[in-house]
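Encoded as C-alpha cells, the structure appears first; notes follow it.
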Amino acid sequence: MGHKSWLGLLLLFFTTLATGGIALADGETPPARDPKQPVDEAYTAKIRKYTTAPYFSSPLVDYLPASKTVPTPEVVLGDVAGAPGILPYAEDVYKYMRLLEKATPRVKVVSIGTTEEGREMIAVAVSSEANLKNLEQNRQRLAKLADPRTIHLDDAEADKLVAESVPVYYITGTIHSPETGAPTALMELAYRLAVDESPYVREIRDGVITLITPVVEVDGRDRMVDLYKWHLAHPKDFYPPLIYWGKYVAHDNNRDAMGMTLKLTQNVLNTYLGWNAQVLHDLHESVPYLYDNTVGDGPYNAWVDPLLVDEWQMIGARNVADLTRFGMPGVFTHGDFDTWSPGYLMFLAAMHNGISRLYETFGNGGADTRERTLQPDEYARAWYRPNPPFPKALWSQRNNNNYEETGLLTSLHYFNENKRLFLKNFYLKGKRSIQKPSAEGPAAYVLPADDPRASVQADLLRIMLKQHVEISRATSAFQVTLPVKKEKKSAKSGDAEEKPKPASPTTRDFPAGSYVIRMDQPYSRVADALLDYQYWSPEDPQTTPYDDTAWTFGELFGVQVTRVTDSKVLSVPMERVTDLRPFGGVKGEGAVFAIDNHAEPALASLRYRLKDASIDAAEEPFQSGDHKFSRGTFLIRGVSRSDLDAATKTLGLQAVALASAPPIKSHAVRAPRIAYIHTWISTQSEGWWRLALDNLQIPYDYMSTQALAKIPDLNTKYDVILFPPVTGNAAPNAIVHGTPTTWGNPLPWMNTPETPNLVGKNDSTSDMRPGLGWDGLAKLQSFVRNGGVLLTALDTSQFAIATGMANGVTSTTSEKMKIVGSIVGTRLVDAASPIAYGYDEKVSAYCDDGPIFSVTSIIGGRRRHLGPEIKTRPTGRGTKDEPDFVIGRPASETPDEPEKELWEAPQPTDEQSFNNPRVIPLANRARVILRYADAKDLLISGLVENGNEIAQHPAVLDVPSGSGHVVLFSINPVYRGETENTYSLVLNTLLNFDSLNAGRKDADQK
Ligand SMILES: [Zn+2]
C-alpha cells in the first residue's frame, strides 16, 4: 500500500470517527443516548454551564436522562452534581441514595457498619430489577467461584457458574477527605445506572451489579464539609486545614489494608467479600486529570497472581483509550506509582483474588471553580501520556465529576463486555491460591504453640481472621523438614580457601496446639504476602518507592513464624480456629504472683486494670522451681487470685503463684499520669500511637502544645509527657512557633453552628496557628528538670535535642542512605534498663530513614584531628606489636587509646577534661538502650541502601536531664498497627517512669 493511499484511509477512519461516533470492536454498543428517552433539560443545561470546556466532558455525562418517578441528585443538593459551592454531608448522600431505593427497584441500600465515631457506612447496589431480586442466588453462585473447593476445583462446573453469574463491581469514594468530588459523582452515577435507557447503560445495568460506597471516611467527610461551609461563610479568610480526618488517622487511612486496624477497612473488606465482588475501584483526587494508577509503575507486588497484572493492563489500557476517543485530555495509566505495598484500600481486592483499581482525578479540595496552574512535570508529554493536561485551566468540581463518571461508566461497560473472562479469572485466581502448596509454595506458615509472646501471637492471628484467612490448630505435635539453606560462596580470602560444606536439611518440631495457616485456601495469597519477607533491590529502576518497602508481620510483631515448604504439614491433624479463645490465667499456689516479661503490651494494660494491686518489676532474672523468669518480671501482690485470673485471661497473660517473693532487687511498677501532646501541624503519625494506647486501654490526657503551655505546673499533674512524632520532619522551629500569626486570620478548630462536626472526639482550639511557644518550651524543660519523663520519637526527638533537653546527643540526617519503610535489625545495648525489659538481644524494628543519633561526653563535643589519623604504629624499630624507641632518651609508655564503639560516647581525654565544665558527668550521660545492627545485619526486610550511615548508631536513648529523663527514638516504635514488637519500648518507659535509672552501671559515679 502506497504512502498516500494509507494516509487517505487514515483520514477516512478519522472522518468516520468524527461523524459516526465511536469505532468499536464488532458487536460493542457505542455510547450514545437513547433518542426516545427525554432529557432533563434544566439539569443538562447546568451540567454544561458548570463544565469549563467541552473537552472536559463526554457524550456519556453531558446530559441527564429524565425520569418521571426517580429523583435526580438535585432534590438533595439543590443543584446538579458537581455544582460550585455544594458539598453534601454523608447524611445527605445517604438520604439521596435511600430516595433512589424508594423510587426504583433497581437500587438497594445496605448498611455496612459504623465508623470509630459511630457514623454509618453504606453500600448502594444498582442493577436491573431482576438482578436485585435474585441477589441471593447470584451471591451463592459467586461464593462457589470465590471458593473453588466447594466445586472440587471443577473447571466445567466453574464455566457453568460463570455463564449464569452476574459479577459485582465495587466502587468506593472519598476515603481521603480533602478529595471531595466522589460523593456527588457517585450520586449521579447511581441515578444514571438506574434510569438511563441508552443501550450502553442498559447493558451495564443488566450485566453487572454496581456496588457503591459513596463515602468511605465518613467522619472525615463531615469535617471537610464543615470546613468548606466555613470557607463559604468567610470567603476572604484562610480556612483551617483538615487536621483530623477520621478519629485517629488522616491520609494513612489508605495504608491500613494490612493491619486492618480501622473500621473503614474492616467494613469495606467485609462488604467486598460478603458480596463476592470482582473489582474494588477506589476514587482519589490528586493528579490532573485522570490517572488510572493501577498499571502505574514497577515493582509490582510479588505475591499477586500474574493474571491480575494482565487484568490491570487490559482494563487500564482500554480505559485510557475510551476517554482519549472522547477527546478528554490528560488521561493516562502509567506513572510513578509502584504497586508494591499491599497497604492500600484497593489492594484488599488484589490480595483476595479480585481486581484492584485506583483513580486519581483532579479535585479542587472543595467545590470552588478555580484557575489551576500545573507543575511542568504534570503537564509534560511523556511516552505514556501523549495527551497531557493543560499547563493552565479553569477547573470545576463538575469537570472532576465528568471525568470520574466517564471513567467509571466506560470501565463498567468494558467489564460487562468481558465479564465471562473476568469471572473465570476470579475463579482461576481462587483455584491457583488453593493450589499454592503444590505450585509455587509454601505449604503453610506455622506459629508455634510455645511462643513466649502468646498475647502478641494472638493479636497477629486476629489480623489474619480479619483478613478472612483460615487458621487451624494442630491437635498433635508434628515435625517438618526445612529447606536446605544455600551457603553463600565466601570471597577468596588469602591462601586458606575454605570450601563450604554442603548443608543438610534440618527438621523442626512443633508442639500440639501450634497454629497452621494452610496455603491451600482461597485467601492464602494475603497470608503469604503479610508473613513473607520482602527484598527491594538498591538497583531497582524505581528509585522512589511510593510507600513502605517491607511489612513482614512475624518480624514487626516479634513472634515466631516459620515458612514451611514441606507439604507433609498439610496432613497434620488439625482443627479450624474461628476465634481466639481467651487463654492465660493463674497457675500454682502462693501469695505472690509472677508474670514473666516478654515485652507483651498486655502487661501495660494489666497495670492500669489492676489499679489497687502492688506490682514490682524484678531487676534481675531469677528462677523459681523449674521456671526461669526474665528481668522485668511482674511481681504482683494485693490482688485476689480470682481478680488476677480474670484479668490475665482476658489479656492472654500467664501468671504463676510463688510461695514467696524472689530475693532480688525490684522496684515498683506504677501507672503514670500521662499527658499526650500533639501539634496543630499534623496529627497523622501520632494518630497511630493514640489508637494503640486506646486499644490497650491506657488512659491519657490528650492536648495540644498550646494547651500544654497553659498548664501552670506540669509536674503536679503528670508523670510522663508523651510527644509522638509529628510527621514530615517538623522542624523544632515549627513545633515552637507553629504557623505565623503576624498576618492572616485565626484558624479556629471548634464546633460552631457552621461547623458542628469539626471537633468530634478529638481536640479543639480557637486558633490552630500558635505552637508550643517559648513559655510552653520553658514549662516542658522545667517538667523534665523537676523529674518528669518526656518521651519523643523522630522529629520530636530532634526537637528535644535542638532545645537542649538531651545533653550529649547529636542528630544528623542521612546523606545517601535509603531506608524506606523497612524492617531493620537492632541490638540491645543495655539489657538492665527498664526500657529494655522483656526483649531479647536482637530486636526487629520499623525504620524510615530515621535520624542518626550520636552520643558524646562533652556538650558540643567534636573530635579534632590534626593531620592524618594514625591507626597503627608508625614506621620504626622492632616488630609490629613492639614499642618503638627514641635515641638518646628514656623509653616511654604509649597510653592506651580507649576503644569505643560507634554507639558509645568516647571518654574525654585528660586534655579535654582540664577545666572543662562542658564535660558531662557519667551519671548525666545518655544511656543507649538499643542500637542499630552492624551494616551487614541491618537489612531484615525491604530496602536498605548505604545503611552504613546509621549502622551501630543509637536507636533508642534514655537521656538523664535534670532530675528527669528524655527518651529518644530513631525508629518509629508505634506505626500503622503493624509494629507490636516495639510497642513495649514505649510502654516500659511509661511503667518504669520513676525508676528509669534502675540497672544503670554508672548511676552512682560522678
Ligand atoms: Zn487520595
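The numbers in my numbering rise by one with no breaks, and the one at position 646 of the sequence shown is 676.
Where is the CB? At the ideal position from N, CA and C, for every residue including glycine.
As the structure is a prediction and not an experimental result, all values here were calculated from the model.
What span of residues does the alpha helix (DSSP H) with A347 cover, start to end? Mapped onto the sequence shown, residue 347 falls at position 317. From DSSP, the alpha helix (DSSP H) with A347 extends over 336-355.
Closer than 6 Å is what we want: which residues have a beta carbon that near any heavy atom of ligand 3? List them in chain order. In the structure shown, ligand 3 is absent; the only ligands present are ligand 1.
DSSP beta-bridge partners for H182? Taking the sequence shown and counting its residues from 1, one reaches residue 182 at position 152. Per DSSP, none; premise fails for H182.
In angstroms, rounded to a whole number, what distance separates the CA positions of A473 and Q653? Taking the sequence shown and counting its residues from 1, the one referred to as residue 473 is at position 443. Taking the sequence shown and counting its residues from 1, the one referred to as residue 653 is at position 623. Using only the alpha carbons, I get a separation of about 39 Å.
Ordered along the chain, which non-local residues of its own chain (more than five positions away) have a Cβ less than 7 Å from that of Y563? Taking the sequence shown and counting its residues from 1, one reaches residue 563 at position 533. Counting only Cβ-Cβ distances below 7 Å, and skipping sequence neighbours, we find T582, S971.
Tell me the rounded alpha-carbon separation between T579 and A332. To locate residue 579, count along the sequence shown from 1; it is residue 549. To locate residue 332, count along the sequence shown from 1; it is residue 302. Going by the C-alpha atoms only, they are around 12 Å apart.
Count the CB pairs spanning the region 121-141 and the region 437-448 that are closer than 8 Å, and state whether there are at least three. no
Closest residue to I464 among A705, F944, R179 (Cα-Cα distance): One-based indexing of the sequence shown puts residue 464 at position 434. Checked all of A705, F944, R179; the closest Cα to I464 is R179.
Please return the same chain residues whose Cβ sits closer than 7 Å to the Cβ of E233, not counting the five positions on each side in sequence. Position 203 of the sequence shown, counted from the start, is the residue given in the question as residue 233. Counting only Cβ-Cβ distances below 7 Å, and skipping sequence neighbours, we find T59, H443, N446.
Tell me, which residues are paired with E390 by DSSP? If you number the sequence shown from 1, residue 390 lands on position 360. Answer is H314, Y321.
Once you ignore the five residues that flank P575 on each side, which residues in its own chain have a CB closer than 6 Å to its CB? The residue given as residue 575 occupies position 545 in the sequence shown. The answer, listed in chain order, is V850.
What does DSSP give as the partner residues of L987 in its beta bridges? Indexing the sequence shown from 1 puts residue 987 at position 957. DSSP output for L987 lists V958, L998 as bridge partner(s).
Same chain, Cβ closer than 8 Å to V238, five either side skipped, listed in chain order: The residue given as residue 238 occupies position 208 in the sequence shown. Cβ within range, chain order: S157, V196, P197, V198, Y199, L442, F445, N446, K449.
For G471, which of helix, strand or coil comes out of DSSP? As a first step, residue 471 is located in the sequence shown; it is residue number 441 there, counting from the start. In this structure, G471 counts as coil in the three-state DSSP scheme.
6 Å Cβ shell around V997 - same chain, five flanking residues per side excluded: One-based indexing of the sequence shown puts residue 997 at position 967. L821, D988, T1019, listed in sequence order.
Would you be able to state if there are at least three C-beta pairs under 8 Å between the region 472-486 and the region 214-230? no
Using the Cα positions of T663 and L183, report the straight-line distance between them to the nearest angstrom. As a position in the sequence shown, residue 663 is number 633, starting the count at 1. As a position in the sequence shown, residue 183 is number 153, starting the count at 1. The straight-line gap from Cα to Cα measures roughly 52 Å.
Would you mind working out which of T295, R671, T204, E166 sits nearest N306, comparing C-alpha positions? By 1-based counting over the sequence shown, the position of residue 306 is 276. If we check each option's Cα against that of N306, E166 comes out closest.
Where Y565 falls, given that 16 or more other Cβ within 10 Å makes a residue buried: Walking along the sequence shown from the start, residue 565 turns up at place 535. It is exposed - the Cβ of Y565 has fewer than 16 other Cβ atoms within 10 Å.
Local conformation of I831 per DSSP, three classes: As a working note, residue 831 is residue 801 in the sequence shown. Note: I831 maps to helix in three-state DSSP.
Assuming E150 is part of the alpha helix (DSSP H), what are its boundary residues? Taking the first residue of the sequence shown as position 1, residue 150 is located at position 120. Not the alpha helix (DSSP H): E150 falls in the beta strand (DSSP E), residues 150-156.
List, from N- to C-terminal side, the beta strand (DSSP E) runs of 3 residues or more that fit wholly inside the region 919-977. 957-962, 969-971
On a CA-only basis, which of I1001, F753, K740 is nearest K16? Give me that one, please. The question about residue 16 has no answer here: the residues shown for the chain are numbered 31 through 1036.
Whole angstroms are fine: how far does the CA of R355 sit from the CA of L42? Counted from its first residue, the sequence shown places residue 42 at position 12. Counted from its first residue, the sequence shown places residue 355 at position 325. Any reading at L42 must be qualified, since the residue scores a pLDDT of 39, below 50, and its modelled position is unreliable; the value itself is stated next. Going from the Cα of L42 to the Cα of R355 covers about 16 Å.
Less than 9 Å between the C-beta atoms of F883 and S1000, yes or no? Counted from its first residue, the sequence shown places residue 883 at position 853. Counted from its first residue, the sequence shown places residue 1000 at position 970. Going by C-beta atoms, F883 is nearer than 9 Å to S1000.
Is there at least one Cβ from chain E nearer than 9 Å to T902's Cβ? No chain E appears in the structure shown, which is made up of a single protein chain.
Quick check on the DSSP output: the alpha helix (DSSP H) that includes T440 runs from which residue to which? Here residue 440 refers to the residue found at position 410 when the sequence shown is read from its first residue. Taken as a continuous stretch (DSSP letters only), the alpha helix (DSSP H) holding T440 covers 427-447.
Could you tell me if G57 is buried or exposed, where buried requires 16 or more neighbouring beta carbons within 10 angstroms of its beta carbon? Translated into positions along the sequence shown, residue 57 becomes position 27. Answer is exposed; the Cβ neighbour count stays below 16.
Output the residue ranges of the beta strand (DSSP E) runs that lie fully inside the region 189-220 and measure 3 residues or longer, sorted by chain position. 198-202
Would you call I959 buried or exposed, if buried means 16 or more other Cβ atoms sit within 10 Å of its Cβ? Residue mapping note: residue 959 aligns to position 929 of the sequence shown, counting from 1. Buried, because 16 or more other Cβ atoms sit within 10 Å of the Cβ of I959.
Compute the beta-carbon to beta-carbon distance between V859 and R961, rounded to the nearest angstrom, for a pair I have assumed lies under 8 Å. The residue you call residue 859 lines up with position 829 of the sequence shown. The residue you call residue 961 lines up with position 931 of the sequence shown. Right, their Cβ atoms sit about 5 Å apart.
Taking the C-alpha atoms as reference points, what is the distance between P571 and Y706? For the purposes of this step, residue 571 is taken as the residue at position 541 of the sequence shown. For the purposes of this step, residue 706 is taken as the residue at position 676 of the sequence shown. Going from the Cα of P571 to the Cα of Y706 covers about 42 Å.
How long is the line joining the alpha carbons of A188 and V499, rounded to whole angstroms? Locating residue 188 in the sequence shown gives position 158, counting from the first residue. Locating residue 499 in the sequence shown gives position 469, counting from the first residue. Between A188 and V499, the C-alpha separation is close to 23 Å.
Residues in the same chain with beta-carbon distance under 6 Å from G717, minus the five sequence neighbours each way, listed in chain order, please. The sequence position of residue 717 within the sequence shown is 687, counting from 1. Closer than 6 Å at Cβ, skipping near neighbours: Y278, V279.
How should E390 be labelled, buried or exposed, when 16 other C-beta atoms within 10 angstroms of its C-beta is the threshold for buried? Translated into the one-based positions of the sequence shown, residue 390 becomes position 360. E390 is buried by the Cβ-count criterion.
Comparing alpha-carbon positions, which option in E569, S567, I547 lies nearest A559? Residue numbering aside, residue 559 sits at position 529 when the sequence shown is read from its first letter. With distances taken between Cα atoms, A559 lies closest to I547.
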